[in-house]
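Below: the structure, in structure tokens.
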Amino acid sequence: NAGVTQTPKFRVLKTGQSMTLLCAQDMNHEYMYWYRQDPGMGLRLIHYSVGEGTTAKGEVPDGYNVSRLKKQNFLLGLESAAPSQTSVYFCASSGEPGYNEQFFGPGTRLTVL
Amino acid sequence: GESVGLHLPTLSVQEGDNSIINCAYSNSASDYFIWYKQESGKGPQFIIDIRSNMDKRQGQRVTVLLNKTVKHLSLQIAATQPGDSAVYFCAEKLQGGADGLTFGKGTHLIIQP
Numbered sequence: 022n023a024g025v026t027q028t029p030k031f032r033v034l035k036t037g038q039s040m041t042l043l044c045a046q047d048m049n050h051e052y053m054y055w056y057r058q059d060p061g062m063g064l065r066l067i068h069y070s071v072g073e074g075t076t077a078k079g080e081v082p083d084g085y086n087v088s089r090l091k092k093q094n095f096l097l098g099l100e101s102a103a104p105s106q107t108s109v110y111f112c113a114s115s116g117e118p119g120y121n122e123q124f125f126g127p128g129t130r131l132t133v134l
Numbered sequence: 010g011e012s013v014g015l016h017l018p019t020l021s022v023q024e025g026d027n028s029i030i031n032c033a034y035s036n037s038a039s040d041y042f043i044w045y046k047q048e049s050g051k052g053p054q055f056i057i058d059i060r061s062n063m064d065k066r067q068g069q070r071v072t073v074l075l076n077k078t079v080k081h082l083s084l085q086i087a088a089t090q091p092g093d094s095a096v097y098f099c100a101e102k103l104q105g106g107a108d109g110l111t112f113g114k115g116t117h118l119i120i121q122p
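Top to bottom, those sequences are chains A and B.
First residue of the first sequence: 22, per the numbering used here; consecutive thereafter.
First residue of the second sequence: 10, per the numbering used here; consecutive thereafter.
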């Protein structure tokens with residue numbers, strides 16, 4: 022199993038451009054998450070999904086949209102990128118919401134100029 | 010502000026010694042805690058977890074202690090090895106919640122030869 026994969030690994034955008042980050046998991050997990058990590062900080066939750074077709078806001082949702090059209094995929098979109106969105110983005114998945122670890126992908130490093 | 014925090018941003022230990030990384034949390038409703046290890050350029054990797062109905066849990070070379078009275082969590086790593094060099098995050102989860110984890114800022118563990 023590949024676990025959680027993310028594409029792309031790196032991306033540079035200009036202010037105002039849009040892009041979509043793709044997260045895929047092959048563990049048949051119901052729950053998927055998008056986090057951002059800024060330098061010297063822990064991860065902060067952007068959006069999450071408790072199943073196919075559902076999404077919910079996390080701690081820092083502004084400026085981002087998500088979609089979960091297929092159980093194995095969770096997409097994170099930036100409609101109009103801003104320099105404040107320069108960060109490393111991590112996707113995670115878990116099988117249950119309760120006492121279960123979240124499995125993380127390798128991250129996408131995004132720079133907005 | 011963050012409900013999970015760490016006492017020290019950097020911890021330097023000699024190879025072979027034991028390491029203790031501390032974490033404080035403020036939300037009494039949290040009932041599940043996880044320690045993650047993050048190596049440079051990689052996503053967080055699960056180390057060990059503990060539920061709030063326990064005060065100690067052991068894994069391979071690692072022990073997590075939970076003191077609910079003072080809302081304190083610690084990670085002990087026995088016989089520290091060079092491969093243990095990383096940033097360690099504690100994370101908490103609210104009871105019954107399907108949403109994501111709340112992370113602390115992290116402690117950078119440096120292993121000296």
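The beta-carbon is built from N, C-alpha and C at its ideal position, and this holds for glycine as well.
For B:P18, which option in B:G109, B:D108, B:C99 and B:I59 has the closest C-alpha, if you only look at C-alpha atoms?
-> The candidate whose alpha carbon is nearest that of B:P18 is B:C99.
Do we get a CB-CB distance below 9 Å when we pair A:V33 with the residues of chain B?
-> Not an interface residue.
A:K10 - partner residues in DSSP beta bridges = Absent from the structure is residue 10 of chain A, since the part of chain A shown begins at 22 and ends at 134.
Taking only beta-carbon atoms, is B:Q67 less than 9 Å away from chain A?
-> Chain A places no beta carbon closer than 9 Å to that of B:Q67, leaving this residue out of the contacts.
With 9 Å set as the bound, which would you pick, yes or no: does the beta-carbon of A:L99 sit closer than that to a beta-carbon of chain B?
-> With 9 Å as the cut-off, A:L99 does not count as an interface residue toward chain B.
Neighbour-count burial assignment, B:P53, 16 or more Cβ in a 10 Å radius = Buried.
Are the segment 105 to 125 of chain A and the segment 47 to 62 of chain A touching, with three or more C-beta to C-beta distances below 8 Å?
-> Yes, they touch.
Does the distance from the CB of B:I57 to the CB of B:T78 come in under 9 Å?
-> In this structure, B:I57 sits away from B:T78, with a CB-CB distance that is not shorter than 9 Å.
Express the C-alpha separation of A:L96 and A:T28 in angstroms, rounding to a whole number.
-> A direct Cα-to-Cα measurement between A:T28 and A:L96 gives close to 10 Å.
Cβ pair count under 8 Å reaching 3, the segment 60 to 67 of chain B against the segment 111 to 119 of chain B | Flag = no, the segment 60 to 67 of chain B and the segment 111 to 119 of chain B do not touch.
At a Cβ threshold of 9 Å, is B:E11 touching chain A?
-> The pLDDT assigned to B:E11 is 37, lower than 50, so where the model puts this residue is not dependable; a value taken from the coordinates is nonetheless given after this. A Cβ of chain A is located within less than 9 Å of the beta carbon of B:E11.
The segment 60 to 72 of chain A contacting the segment 23 to 41 of chain B, beta-carbon criterion three pairs below 8 Å | Contact between the segment 60 to 72 of chain A and the segment 23 to 41 of chain B is absent: fewer than 3 CB-CB pairs across the two stretches fall below 8 Å.
So what does A:N14 bridge to, in DSSP terms?
-> Shown here, chain A extends from 22 to 134; a query on residue 14 of chain A therefore has no answer.
Around the Cβ of B:K102, are there at least 16 other Cβ atoms within 10 angstroms (buried) or fewer (exposed)?
-> Under a 10 Å Cβ-count criterion, B:K102 is classified as buried, with 16 or more other Cβ atoms of the shown protein chains found around its own Cβ.
Report the three-state DSSP secondary structure of A:S105 (helix, strand or coil).
-> Looking at A:S105 - three-state DSSP - the assignment turns out to be helix.
Length of the line joining the Cα atoms of B:P91 and A:T41 | Rounded to the nearest angstrom, the gap between the Cα atoms of B:P91 and A:T41 is 37 Å.
Return the Cβ separation of B:L74 and B:C32 in integer angstroms, given the expectation that the two are a contact with Cβ distance under 8 Å.
-> The Cβ separation is near 10 Å, so there is no contact.
Figure out for me which residue from A:V133, A:S115 and A:V109 has the closest Cα to the Cα of A:K30.
-> Nearest C-alpha to A:K30: A:V109.
Please state whether DSSP places B:D58 in a helix, a strand or coil.
-> Residue state for B:D58 is assigned as strand, using DSSP reduced to three classes.
Tell me which same chain residues have a C-beta within less than 7 Å of the C-beta of B:S21, skipping the five on either side of it?
-> The answer, listed in chain order, is I119 and Q121.
Give the DSSP bridge partners of B:R70, in chain order.
-> According to DSSP, which records beta bridges pairwise, B:R70 is partnered with nothing at all.
Flag A:L96 as yes if its beta-carbon sits less than 9 Å from any beta-carbon of chain B, otherwise no.
-> So, not an interface residue.
According to DSSP, is B:D40 helix, strand or coil?
-> Reduced to three states, the DSSP call for B:D40 is strand.
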